[in-house]
Every structure is written in structure tokens, then in C-alpha cells.
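The next block holds one structure in the form of C-alpha cells; read it before the comments.
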Amino acid sequence: MFKRSSPFIYDVKNRMKICGLLCLIAPVAIALRLFYMQTFQHDKFTTKAERAIYNYLAEDRLRGKILDVNGNFLAQSVRTHSCGISKRYVKDRNKTISFLAKTLGIPKERILEKWRRNRNFFFVAKKIKPDVYMQIVPTLRTSLGQGLDLTPEYERIHPYGDTAIDLLGASNSKNFGLSGIEQMYNRELSQDISKKRAKRARRGEVIYDRNLKEHLSVGDVYLTIDLQAQFFAEEALKKSVEEYGAEHGIALVQEPSTGKILAAASYPVKDGQSLGFQFTYEPGSTFKTIAISSALDAGTVTVTDSIDMDGRKWEVARGFTIRDNQHDKDFLSIPEIMQLSSNIGAGKIAVELGAKNLFYYLKAFGFGTKTDINFNGEAKGNVPPYNKWTKVDLATKGYGYGISLTPIQLINAYSAIANGGTLMQPHLVDRIEYADGRVDKKSKPVKIRRVIKPETSKIMTKVLQSVVEAGSGKRAQIKGYTVAGKTGTAEKLSKEGGYGKRNHIVSFCGFVPASNPQFTILVVLDNPSKYTFGGTAAAPAFKQIAENLLTLKGIAPDQVDFIN
């Protein structure tokens, strides 16, 4: 006969089951929660984990280079580092600050001041020198270097110092162009600041994610500028400005057949301020070349004509008389008008040509409009509408007054005469080469329009050649080479009103060799403290630049007597 189970035993079993179930509730709940989090909230917690481990640190991108036409570096970026401190990782503040003060050459008090002023991270020194960087690197894995950070950056340098700096301009610490070519082509030269994923190790050093690949899209800008030509122009210009005490000086060199600018110098030098494109002035006698070329081309005068000098005192209108004091001749031919720089002759030729025709030629030569060389701050000058000109206005424009222009406009007009009569589009940028292999060509020769006939160009070249051989431009003569050019001396408007000899501009513009022009060169000196003339001050600078270029490029002499 079986014994009946005790109620006590039965209660113990049930209680054990209940306890077992109760013990399973927490693990099951945790397991379900983990399953939910890992399955449905995976992305959320992965992001949180990455944020806890990794930071995205802003880092400057490499900026493209600026080079001359031959590939010489004019501006480039070099990798450097800035030293910073993350306070929370520093173990011994005093030792760390003392080390940095000694290594960086910064007063300890200045670092302590930054420490107190910042909650956690701050830069101690920006763009440290390579030798200083090498002293800090070994300490990063020691207790002394905990919390130190060396952030990679780029510094803009100019291997040839201030050469062409007025063209190149400047960029700031954020890799952004501020002036000159740096600003004009900022989009092509720069990339956005990159944010690299990195984590900080136990000691505080930064470890970058090696799996990230950078894709460079920057371009290198090649100028039409020739480094040697630029150096020659700057050297000659500086010498002339300092010798004659001029406020400013400008020297341009252009290739007449293509329009390429080989040199563009300003003195004193200021980054991004290139006066060859930004400066406007009344040109004076260098403009006679334009007026007389126009009249010859229109057929209102011929090169064999003689112009009556009216006793060297020509009353253009009541109360306005033009005088020639530099000669004693009653009649002058066209070459003699240019050689002696006769205002009466140039004024009469302009009047004979007429306001409408002269205005047409001035516009055809490109005066009164920007050249579209696109340099920042390029001026357009001023050519008033011809229907507002009086006879006096017309006559004075014949010798370069009552009109304002820029140096780039004048040299481009002379290049048109040099190349046979075609106005070319001037270029400052040759090409842009991108990191992915693309090349954007910028300086293909562009013919804007024919301004004068080839026959007129030949006649005017001979006339300008005679100015150098027998006229006011003798100091521009170069042994073995034919030179064509014209001097200019223009009085400036004074602050009190009217023109005064104390304020004047002297210049010389010409091309060489005259038989086959390779270089058009313009030199302008603004307001020399010593009263001088274009033939005295500017022509020698032209000669110095031209001689150096002819030698550098190996241009053969063309002067017949010299060759024979």
C-alpha cells in the first residue's frame, strides 16, 4: 500500500519552480533587450561608440602651386605643424608647460595665460619650425608629452622671395586667397578643409584612420610670366625709381605675337597690387604713336607730309596756344614730329583726322575698356564721347592729354603696331593643371581685331625706329639691334588744379628687334622728385631690360651694319 505524499514536499517543488522562473526573468529580459539593441538599434549605438572613440579633426588641405611659364615655383605650400595642448590628458602641468616654453621659445607666463583662458584644447604655437617639430615628436610617447598635439597644416612660401609678389598676392592661414592670383584662382588652387577621422590614444596622441583615402582636386596655376624676365624688369625698375625718386614705377614685358605677359613689375612692391593693370594716367607723348598711326592708316596724312609749325606757336582756339620750344623748324615731317616730340605736329594731325575717326581708332586699339586680363582691380581708363570734344580736346588728345589709360592698354596697343596691326588678347595665365590630369589651357593666342593695315604698321615701325636712332629715344639704343619706341613726359594735374611741372610722369614704350619684334616693353615712372624726361629716365631702364632678354633668349642681332 502506497504512502501518500506529504504536502510539505509538494510545496517545496513548486517553490523551486517558481524561484527558477523568477531567476530566468532577468536574463531573458536582458537577452531580449540586447537582441533588440543589436538588431533594431545597431546604427544608433555604433554611431555613439564611434563618437566616443573617434573625433573628426579639421585639417588644412594642400593648396595648389603657382608657377612661371617654365615651371619654376613662385608660390607653394609646405607641410608644417601647430602645437596644441589638451588639458584633460596632461599629467604634470608644470613640467609640460616648462618643456614647451623652452622648446618653442615662448615665455612660460604666456602659455599659462592660455591655459587659464581655455577650457580644454588650445594652440600654443602655430606653424612651428621643422627642427622644433623633431624635438617634440619623441616626447609624445612619454608622460611628459601626454596631452600634446601636433596638428598638420600648410604654410604658403615663395621660393624667390618678393619676386612677382605683386602679381601672386597672398592667402591666409585658412588656405583662402586674399589678393592677386591667389584670390583670382582661389577655387582652382584650393580644396575645402578636410575632416579626418581620428582617435586619441591613452596618452592623448592623435591616431588617424589609415583606411581613409584623400582625393586631391586642386590645380596648379602656370602663369605666362617668365621668372627671368620678371627679375630683369624688377631689377631695372627698382634702380630707376630709386635713382629719380619716383613715387611708383611700372614695367611690363609682352610677347607681341601672342599677347602673353612675360613680366609685370611694380615698385614699391605690395602683394596683390600690380599697377600695370590698376594704375590710370594721362600718357603724354607715348600716345602720339597711337594718334599718328591712326591718321596714317586713315589716309588723312602720309609719311612724306610736312606740317606747318606756325612759328612754333599754334593758337588752337582763343586763349589756348600750343608751343614747341625744343626746335626751331618751320615745317616738320612725320618722322621729325616723332623724333622731336612735337605737340603742335601731333595736335594738328589729330585735328586733321577728326574727332569721330580718332575716337574710332582709340576704341579699336582697346582704350576706354578693360583688357579682360581679369586681374583684380583692373581699371578701364577713360575716353570721353567724341561728340563732347572741342577742338582743343581733339588737339590735346593727339599728344596724350584729356584721355586716361592703363599701362596694359598702352603696351597692348604698341604690340598691335609691332605684330603687323592686330590687337591681341593679353594673357597672364598660361594653363591650369589639375591633380587628376586635366589641363585647362588659358593662353591660346586670340586675335581681337585688326586695328591698322600691315603697311601702316611697317611705316610706323620705321618712324619709331627713327625716334631711337635720331630723336628723343637715343638712350634706348642697343648695340647690334634695331629698336623702335617713343618717349613720353606728361605733366599731371595738381591738387590745386591745372598742370604743373612738379608733378609729372615719364615713360618709354617700344619693341625689339624692330625687324622682327620679340618683346614689347613699357617703363613708367610716376612723379619723379627730380624733374626729368622719358628719354632720360625711362629709356635706359627699357634698354637694360631689353638687353638682358635678348641675351637670355639668344635673339640674333638684326642691325645690318653690326652684322656686316
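Once you know that position 140 of the sequence shown is 156 in this note's numbering, the rest is easy, because the numbers rise by one and skip nothing.
Note that the Cβ used here is the ideal one computed from N, Cα and C, for glycine as well.
Remember, it's a predicted structure, so these values are computed and weren't measured experimentally.
Is the beta carbon of residue j closer than 8 angstroms to that of residue i?
| i | j | result |
| --- | --- | --- |
| Val257 | Tyr297 | no |
| Gln151 | Val106 | no |
| Ser114 | Tyr170 | no |
| Ser358 | Thr320 | no |
| Thr302 | Gly416 | yes |
| Gly80 | Asp165 | no |
| Gly2 | Gln425 | In the structure as shown, the chain starts at 17 and stops at 580, and residue 2 therefore has no counterpart that could be examined. |
| Ser290 | Phe391 | yes |
| Ile197 | Val234 | no |
| Ile266 | Pro123 | no |
| Tyr431 | Pro272 | A small fix is needed here, since residue 431 is Ser in this sequence, not Tyr. Result yes, Cβ atoms of Ser431 and Pro272 sit closer than 8 angstroms. |
| Val540 | Ile521 | yes |
| Val499 | Ala530 | yes |
| Gln294 | Gly393 | yes |
| Leu160 | Val140 | no |
| Thr505 | Gly550 | yes |
| Leu421 | Val367 | no |
| Lys329 | Thr316 | no |
| Pro351 | Ser482 | yes |
| Gly489 | Thr477 | no |
| Asp182 | Lys286 | yes |
Going by DSSP, what residues sit across from residue i in a beta bridge?
| i | result |
| --- | --- |
| Ala267 | Ala281, Val539 |
| Arg172 | Ser93 |
| Val528 | Phe535 |
| Trp330 | Ile338 |
| Val522 | Thr505, Leu541 |
| Tyr376 | Tyr376 is not bridged to any residue. |
| Ile494 | Tyr497 |
| Cys99 | Ala141, Leu166 |
| Leu15 | For residue 15 there is no data in the structure shown, the boundaries of the chain being 17 and 580. |
| Lys276 | His443 |
| Asp324 | Phe347 |
| Tyr607 | Nothing about residue 607 can be read from this structure; the chain reaches only from 17 to 580. |
| Tyr515 | Leu509 |
| Ser187 | Gly193 |
State the CB to CB distance for the pair residue i and residue j, rounded to an integer number of angstroms; the pair is presumed to be in contact (CB under 8 angstroms).
| i | j | result |
| --- | --- | --- |
| Ser523 | Ala492 | Incorrect: roughly 12 angstroms between the Cβ atoms, too far for contact. |
| Gly384 | Val399 | 3 angstroms |
| Ala434 | Phe558 | The Cβ separation is near 14 angstroms, so there is no contact. |
| Gly487 | Gln355 | 3 angstroms |
| Asn501 | Val484 | Checking the displayed sequence, the identity of residue 501 turns out to be Gly instead of Asn. Confirmed, Cβ separation roughly 6 angstroms. |
| Gly382 | Ala429 | 6 angstroms |
Residues in the same chain with beta-carbon distance under 8 angstroms from residue i, minus the five sequence neighbours each way, listed in chain order, please.
| i | result |
| --- | --- |
| Ile353 | Lys304, Ile308, Ile323, Gly361, Ala362, Ile365 |
| Lys229 | Its pLDDT being 49, under 50, Lys229 is placed unreliably in this model, and the coordinates cannot settle the point. |
| Thr274 | Met440, His443, Ser459, Pro461 |
| Arg465 | Ala380, Thr438, Leu439 |
| Lys469 | Asp313, Gly437 |
| Ala333 | Thr406, Lys407, Val408 |
| Lys255 | Ala557, Gln560 |
Quick one: residues in its chain with C-beta nearer than 6 angstroms to the C-beta of residue i, no 5 flanking neighbours on either side, listed in chain order?
| i | result |
| --- | --- |
| Gly220 | At Gly220 the pLDDT is 46, less than 50, meaning the model places this residue with poor confidence and gives no usable figure here. |
| Phe248 | Ile561, Asn564 |
| Gly288 | Gly185, Ser195, Gly196 |
| Ile448 | Glu204, Gly235, Val237, Asp456 |
| Lys142 | Ser98 |
| Met32 | none |
| Glu471 | none |
| Ala281 | Ala249, Glu250, Leu253, Ala267 |
| Lys372 | Tyr402 |
| Phe375 | Tyr402 |
| Asp8 | No answer is possible for residue 8: the residues shown for the chain start at 17 and end at 580. |
| Leu378 | Val399 |
| Thr412 | Gly418 |
Starting from the C-beta of residue i, find all residues in its chain whose C-beta is less than 7 angstroms away, skip the five residues before and the five after it, and write them out in chain order.
| i | result |
| --- | --- |
| Leu509 | Tyr515 |
| Asp84 | Leu90, Leu239, Ile241, Asp242, Leu243 |
| Lys463 | Thr438, Met440 |
| Asn188 | Leu194 |
| Pro544 | Tyr260, Gly261, Ala262, Val522, Ala553 |
Just list the beta strand (DSSP E) runs in the stretch 398-468, keeping only unbroken ones of 3 residues or longer that don't cross its boundaries, in chain order.
438-440, 445-450, 455-457, 463-466
At which residue ranges does the stretch 345-371 contain complete alpha helix (DSSP H) runs of 4 or more residues, listed in the order of the chain?
350-355, 359-369
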